[in-house]
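All residue numbers for the sequence shown refer to our numbering, where the first residue is 22 and numbers rise by one.
Ideal Cβ positions, reconstructed from N, Cα and C, are used throughout, including at glycine.
Presented below is the structure to which this report refers.
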Amino acid sequence: MNTLTQAFEPVAPDSRRWLALVVLLTGTMLPPLDFFIVNVALPAIRTDLRASSDVSQLVISVYAAAYAVTLILGGRLGDLYGRKRVFIGGMLGFGVASALCGLAPSPGMLVGGRLLQGISAAIMAPQSLASIHSLFPASEKNRALSLYGATFGLASVGGQLLGGVLVSASPWGLGWRSVFLINIPVIIVAVPAALMLLRESRAERSARLDVSGALLLASGLLALVVPLIEGREHHWPWWCVALLGLSIPLLCMFWKYEKRQELADRTPLILPSILAAPGLRRSLAATFFFYALAAFFLVFAAYEQAGLGNNALATGLAILPLGIGFFLGPLCGPRIARRFGARTAAFGMSLEVFGLVMVAALAFVDAATWLALPLFLIGAGQGIALPALVRLNVDQVDARWAGLASGLVTATLQISAAVCVAIIGGLFIAIAPDGAAAHEVQLGFAVASLAIGASLALAVGLSWRR
């Protein structure tokens with residue numbers, strides 16, 4: 022056991038830690054669930070609110086951008102002001118934002134609600150991972166992280182399935198609104214449970230929040246993410262190109278400012294010194310390429326509906342084998358980790374690469390009925406790799422910066438989702454634009470699957486550690 026792992030162990034493990042984990046996993050589940058649940062509901066949203074395709078794109082992109090640029094700040098808030106307090110505040114904010122989305126009478130209010138959802142999710146989500154590292158001793162951490170990975174994975178896949186079920190069933194006549202309002206009863210139960218079961222934890226050293234650093238980072242990431250999401254939709258206007266060019270100097274300014282803050286013995290938003298370790302930089306890079314799979318859910322939904330002619334419910338059910346694999350993969354993770362050690366993440370991602378190549382081959386030959394096995398392999402690989410990658414990242418920093426590290430990991434995942442959805446989604450649409458024939462959609466899906474597989478192959482190489 023290394024010293025960094027020892028630093029994470031509490032002196033006396035909390036006797037209620039497994040019940041507390043259930044509450045924390047609720048905060049893990051909601052953000053990815055609400056990222057993916059909207060995919061199959063977009064046609065109904067556009068029809069009911071008479072929204073343009075541009076507005077329906079914003080329903081996804083505003084959430085992704087707000088989530089990405091606020092995650093690191095969310096992790097630091099927990100370090101400084103207490104993870105339990107910030108977790109509950111983020112969950113309450115998420116509930117209010119979900120109500121705004123579900124009751125929205127206009128496209129503008131829906132987009133505004135999604136913005137608040139993304140910010141609240143980014144405040145809530147890092148506290149789950151940081152609190153897990155604070156609550157559990159090293160002997161139990163693999164099991165807890167495996168459950169974290171299973172929850173994250175099931176939420177990602179279950180969002181698409183649940184969205185299809187809710188839109189088709191339309192409980193109480195709510196239609197698409199139910200995909201947002203379903204969060205409220207979950208939060209009503211989870212908040213009192215969090216008050217009773219969670220133990221407060223924070224960084225040992227209290228300091229003022231680095232507001233200037235937070236604003237610089239948010240500006241730089243917004244300048245990067247927004248054009249990548251919106252540029253193709255608007256045919257790359259001048260403001261998209263200008264923002265992309267501005268993102269590099271803004272992020273450089275942020276990094277230089279953070280270095281000055283640390284040298285002056287202040288507490289910056291991100292400690293440049295913790296990124297000095299080559300292992301952490303490599304694992305964060307692997308995490309970025311790993312989450313290219315976020316684009317798969319979007320192109321798969323388009324393939325099922327436009328390429329195969331399935332409805333929302335059938336599209337949600339078709340992804341179920343991936344969800345089963347995603348659930349079983351993390352549960353097998355501790356046993357696999359004992360055999361493969363630090364190469365567990367690489368093993369899981371190799372399964373994904375193999376499954377994606379199989380998916381592409383089946384799409385090329387129009388054999389969709391055989392997709393269940395490769396989808397299961399993709400899900401199992403993702404479920405094995407996710408908790409292993411989390412531990413590769415977080416275990417390399419001191420326990421007092423667990424919130425910062427978890428924010429970095431989750432921010433990397435979300436920025437990867439935004440970037441890869443924009444790039445790989447653009448590749449898919451270039452091959453299969455609106456109104457394309459079924460065989461063009463199938464070709465676009467196959468090419469997109471291969472592109473995702475190539476990204477994961479890069480992640481395998483970066484995470485291959487001895």
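- Message: Quick check on this structure: which residue in A393, G362 and F311 has the alpha carbon closest to the alpha carbon of L407?
- Response: Within the sequence shown, numbered from 1, the residue matching residue 407 stands at position 386. Out of A393, G362 and F311, F311 has the C-alpha closest to the C-alpha of L407.
- Message: Is the beta carbon of F309 closer than 8 Å to that of N60?
- Response: Start at 1 with the first residue of the sequence shown, and residue 60 comes out as number 39. Start at 1 with the first residue of the sequence shown, and residue 309 comes out as number 288. No, Cβ-Cβ distance for N60 and F309 is not below 8 Å.
- Task: Name the residue from V107, G95, V212 and C122 whose alpha carbon lies nearest to the alpha carbon of V83.
- Result: Here residue 83 refers to the residue found at position 62 when the sequence shown is read from its first residue. Ranking V107, G95, V212 and C122 by Cα distance to V83 puts C122 first.
- Message: Using 8 Å for Cβ pairs, my map puts A439 next to A146. What's the rounded Cβ distance?
- Response: Counting from one through the sequence shown, the residue named residue 439 turns up at place 418. Counting from one through the sequence shown, the residue named residue 146 turns up at place 125. In fact, because the Cβ distance is near 15 Å, the residues do not count as touching under 8 Å.
- Collapsed DSSP secondary structure at N60 in the structure displayed: Residue numbering aside, residue 60 sits at position 39 when the sequence shown is read from its first letter. Residue state, collapsed to three classes: helix.
- Message: Can you tell me where the alpha helix (DSSP H) holding Q463 begins and where it ends?
- Response: Within the sequence shown, numbered from 1, the residue matching residue 463 stands at position 442. Taken as a continuous stretch (DSSP letters only), the alpha helix (DSSP H) holding Q463 covers A459 to S484.
- Message: Restricting to Cα atoms, I'd like to know which of P248, A214 and V415 is closest to L265.
- Response: For the purposes of this step, residue 265 is taken as the residue at position 244 of the sequence shown. Answer by Cα proximity: P248.
- Task: Using only alpha-carbon positions, find the residue among L216, A316, R360 and L94 that is nearest to G446.
- Result: Against the sequence shown, residue 446 aligns to sequence position 425. The option with the nearest alpha carbon to G446 is A316.
- Best match in L314, S119 and F347 for proximity to I209 [C-alpha to C-alpha]: The count along the sequence shown starts at 1 and reaches residue 209 at position 188. Comparing Cα positions, the closest option is S119.
- Message: Rounded to the nearest angstrom, what separates D231 and L113 at their Cα positions?
- Response: The count along the sequence shown starts at 1 and reaches residue 231 at position 210. The count along the sequence shown starts at 1 and reaches residue 113 at position 92. Rounded to whole angstroms, D231 to L113 spans 24 Å at the Cα level.
- Query: Since I399 is in the alpha helix (DSSP H), which residue starts that stretch and which ends it?
  - Reply: Locating residue 399 in the sequence shown gives position 378, counting from the first residue. Run containing I399: A393 to V415, per the alpha helix (DSSP H) assignment.
- Query: According to the neighbour-count rule (16 or more other Cβ atoms, all chains shown, within 10 Å of its Cβ), is G350 buried or exposed?
  - Reply: In the sequence shown, counting from the first residue as 1, residue 350 sits at position 329. Per the 10 Å Cβ criterion, buried.
- Query: For S199, which of S177, G185 and L245 has the nearest alpha-carbon?
  - Reply: As a first step, residue 199 must be located in the sequence shown, where it is residue number 178. Of the listed residues, the one whose Cα sits closest to S199 is G185.
- Item | alpha helix (DSSP H) runs contained entirely in the region 100-131, provided each spans 4 or more residues | 104-123
- How is the alpha helix (DSSP H) around T336 delimited, first residue to last? Indexing the sequence shown from 1 puts residue 336 at position 315. Its alpha helix (DSSP H) spans residues A333 to A339.
- Item | Host alpha helix (DSSP H) of T365 (start-end) | Taking the sequence shown and counting its residues from 1, one reaches residue 365 at position 344. Per DSSP, T365 belongs to the alpha helix (DSSP H) from T365 to F385.
- How many angstroms separate the CA atom of L168 from the CA atom of R106? Working through the sequence shown from its first residue, we reach residue 168 at position 147. Working through the sequence shown from its first residue, we reach residue 106 at position 85. Rounded to the nearest angstrom, the two C-alpha atoms are 23 Å apart.
- Cutoff 6 Å; reference V378; Cβ partners in own chain excluding five residues on either side: Sequence index remark: in the sequence shown, residue 378 carries index 357 (1-based). Within the same chain, V378 has close Cβ partners G474.
- Query: Would the region 62-71 and the region 125-134 be scored as touching if the rule is three or more Cβ pairs under 8 Å?
  - Reply: yes
- Query: Which residues bound the alpha helix (DSSP H) around Q326?
  - Reply: Reading the sequence shown from its first residue, position 305 is the one you call residue 326. Neither: Q326 is in no alpha helix (DSSP H) and is coded neither H nor E.
- Message: Taking its Cβ as the centre, do 16 or more other Cβ atoms sit within 10 Å of M5, making it buried, or is it exposed?
- Response: Missing from the structure shown is residue 5; the chain here goes from 22 to 487 and no further.
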